[in-house]
Amino acid sequence: MQAVPVQNSIGMVLCHDITRIVPGESKGPAFKKGHIVTEEDIPTLLDIGKEHLYVLDLSENQIHENEAAFRIAKAVSGPGITLSDVSEGRVNLIADKGLLTIDVEKVNEINAIEEIVLSTMHTGLHVLSERPVAGTRIVPLVTDRAKVEEVEAVCANSGPVIQVKPFKHHKVGVVTTGSEVYNGRITDKFGPVIRKKFHALGSNVVEQVFVPDDQQMTTDAINTFLDSGVDFVVVTGGMSVDPDDRTPASIRDTGADVVTYGSPTFPGAMFMLAYKDNRPIIGLPGCVMYYRASIFDLIVPRILAGETITRKDITDLGHGGFCAGCETCHFPLCSFGK
Numbered sequence: 005m006q007a008v009p010v011q012n013s014i015g016m017v018l019c020h021d022i023t024r025i026v027p028g029e030s031k032g033p034a035f036k037k038g039h040i041v042t043e044e045d046i047p048t049l050l051d052i053g054k055e056h057l058y059v060l061d062l063s064e065n066q067i068h069e070n071e072a073a074f075r076i077a078k079a080v081s082g083p084g085i086t087l088s089d090v091s092e093g094r095v096n097l098i099a100d101k102g103l104l105t106i107d108v109e110k111v112n113e114i115n116a117i118e119e120i121v122l123s124t125m126h127t128g129l130h131v132l133s134e135r136p137v138a139g140t141r142i143v144p145l146v147t148d149r150a151k152v153e154e155v156e157a158v159c160a161n162s163g164p165v166i167q168v169k170p171f172k173h174h175k176v177g178v179v180t181t182g183s184e185v186y187n188g189r190i191t192d193k194f195g196p197v198i199r200k201k202f203h204a205l206g207s208n209v210v211e212q213v214f215v216p217d218d219q220q221m222t223t224d225a226i227n228t229f230l231d232s233g234v235d236f237v238v239v240t241g242g243m244s245v246d247p248d249d250r251t252p253a254s255i256r257d258t259g260a261d262v263v264t265y266g267s268p269t270f271p272g273a274m275f276m277l278a279y280k281d282n283r284p285i286i287g288l289p290g291c292v293m294y295y296r297a298s299i300f301d302l303i304v305p306r307i308l309a310g311e312t313i314t315r316k317d318i319t320d321l322g323h324g325g326f327c328a329g330c331e332t333c334h335f336p337l338c339s340f341g342k
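Using the numbering used here, you'd call the opening residue of the sequence shown number 5 and step up by one each time.
What follows is the structure, given as structure tokens:
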């Protein structure tokens, strides 16, 4: 690579983007790769601090930043990911709707290769509309081909490094407990929240039934939903330790295998998860009604994406499971659950 004074570069073809930064306003390419420098370009190039341009003479063992970025991006990408055009030597990975799933160990292994950069959002992010979730490039303008080939070898050893698992449609039955709601003393506020959340994730509530604080009636309502063929049962209310709160015992009485009663998350500590005939049953505490982000938003998207949640998945939520309670909620683009 040779440096050529800008004044002597007229007629030369740029081999990389040249960036212009306007503090507080913009950052982007003033000239794109492939542009042929003209006499009129010289003042602009000098204004943005470019006194020299570079002419490349690549050997067979070298690779340009644009080709490297595309090869790395293609190697790490799995289902549900598309690639952006290259810009300033970088390619972004664009996610479809679904659950972003990242092999964090592989990301670390790739970034340990000198001159390689792969940056991602947090694994487990539920993506509700198409958006960038990762980007990659090399640090210099040119690097050894062997380094890119090493990335490709790492990616070939197992499943995708970055993928999006689509949310599968589930028919959901909701059992709402509480004598005060059952007897009409207060209006149910849980049902509309649950319907909205499931709808956003591509599933729908097929029916909601109301039962008083009666253990057997709650158990029967859950089993009736399962017998009718629903894919997912949600039980709202009755999750605390008050004597009248019978939901945990009712879920156990169905014969379901309980994964957890309790979660190291705030909000959502009194959460319950069980499976019966491979179908999830969850008990939701009242906080799910009032908080935009809660245990529901950390676990349910994973279930809808086809994951089977284990006890360890729940206990691992403790680090990051404390919601900061920001005045303006930015979930899922925040620390909660990460």
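The beta carbon of each residue, even a glycine, is placed where N, CA and C say it ideally should be. As the structure is a computational prediction, the values presented were derived from the model and not from experiment.
Through-space distance from residue j to residue i, alpha-carbon basis
{"i": "T23", "j": "G15", "result": "19 Å"}
{"i": "K200", "j": "I299", "result": "16 Å"}
{"i": "G242", "j": "I142", "result": "54 Å"}
{"i": "C19", "j": "I67", "result": "12 Å"}
{"i": "L97", "j": "A73", "result": "11 Å"}
{"i": "F340", "j": "L321", "result": "9 Å"}
{"i": "D100", "j": "A7", "result": "42 Å"}
{"i": "A138", "j": "I76", "result": "12 Å"}
{"i": "F229", "j": "R306", "result": "22 Å"}
{"i": "L57", "j": "T86", "result": "33 Å"}
{"i": "P9", "j": "A150", "result": "32 Å"}
{"i": "R315", "j": "G206", "result": "26 Å"}
{"i": "I46", "j": "S30", "result": "21 Å"}
{"i": "P55", "j": "K37", "result": "A small fix is needed here, since residue 55 is Glu in this sequence, not Pro. One C-alpha to the other measures close to 17 Å."}
{"i": "E64", "j": "E71", "result": "13 Å"}
{"i": "Q167", "j": "I106", "result": "7 Å"}
{"i": "V351", "j": "A297", "result": "Here the chain covers residues 5 to 342 and nothing more, so residue 351 does not appear."}
{"i": "T332", "j": "E44", "result": "48 Å"}
Short CB-CB distance (under 8 Å) between residue i and chain C
{"i": "I114", "result": "In summary, chain C is missing from the structure at hand, where a single protein chain is found."}
Within 8 Å, strictly: CB atoms of residue i and residue j
{"i": "I255", "j": "I285", "result": "yes"}
{"i": "G266", "j": "A273", "result": "yes"}
{"i": "E92", "j": "P144", "result": "no"}
{"i": "R250", "j": "D301", "result": "no"}
{"i": "A309", "j": "F194", "result": "no"}
{"i": "P252", "j": "G287", "result": "yes"}
{"i": "V292", "j": "L277", "result": "no"}
{"i": "V210", "j": "V234", "result": "yes"}
{"i": "V17", "j": "I40", "result": "yes"}
{"i": "T319", "j": "P271", "result": "no"}
{"i": "V90", "j": "T140", "result": "no"}
{"i": "T223", "j": "D192", "result": "no"}
DSSP state of residue i mapped onto helix, strand, coil
{"i": "K280", "result": "strand"}
{"i": "P196", "result": "helix"}
{"i": "S232", "result": "helix"}
{"i": "P33", "result": "strand"}
{"i": "Y186", "result": "helix"}
{"i": "N96", "result": "strand"}
{"i": "Y295", "result": "coil"}
{"i": "D21", "result": "coil"}
{"i": "T86", "result": "strand"}
{"i": "S254", "result": "helix"}
{"i": "L57", "result": "strand"}
{"i": "D217", "result": "coil"}
{"i": "T127", "result": "coil"}
{"i": "H323", "result": "coil"}
{"i": "N70", "result": "helix"}
{"i": "F270", "result": "strand"}
{"i": "T312", "result": "coil"}
{"i": "T181", "result": "strand"}
{"i": "K175", "result": "strand"}
{"i": "E43", "result": "coil"}
{"i": "L288", "result": "strand"}
{"i": "V155", "result": "helix"}
{"i": "V304", "result": "helix"}
{"i": "N161", "result": "coil"}
Identified DSSP bridge partners for residue i
{"i": "R141", "result": "V121"}
{"i": "R149", "result": "Answer is none; R149 lacks a bridge partner."}
{"i": "I166", "result": "S81, I106"}
{"i": "Q11", "result": "DSSP output for Q11 lists no bridge partner at all."}
{"i": "R113", "result": "Here the sequence assigns Glu to residue 113, which means Arg is not the residue at that position. Answer by DSSP bridge pairing: none, since E113 is not bridged."}
{"i": "P136", "result": "I98"}
{"i": "T332", "result": "The partner list for T332 (beta bridge, DSSP) is empty, contrary to what the question assumes."}
Residue i beta carbon near the ligand SAH (any heavy atom closer than 7 Å)
{"i": "H68", "result": "Annotation note on the ligand SAH: not contained in the displayed structure, which lists no ligands."}
Decide if the region 69-83 is in contact with the region 151-168; the criterion is three or more beta carbon pairs, one per stretch, under 8 Å apart. yes
Any contact of the region 42-55 with the region 124-136, i.e. 3+ C-beta pairs under 8 Å? No: fewer than three Cβ pairs fall under 8 Å.
Say whether the region 180-190 touches the region 102-114, bearing in mind that this needs 3 or more beta-carbon pairs closer than 8 Å, one atom from each stretch. no
Is the number of C-beta pairs between the region 148-155 and the region 114-129 that are closer than 8 Å three or more? yes
Would you call the region 190-206 and the region 169-180 touching, i.e. three or more CB-CB distances under 8 Å? yes
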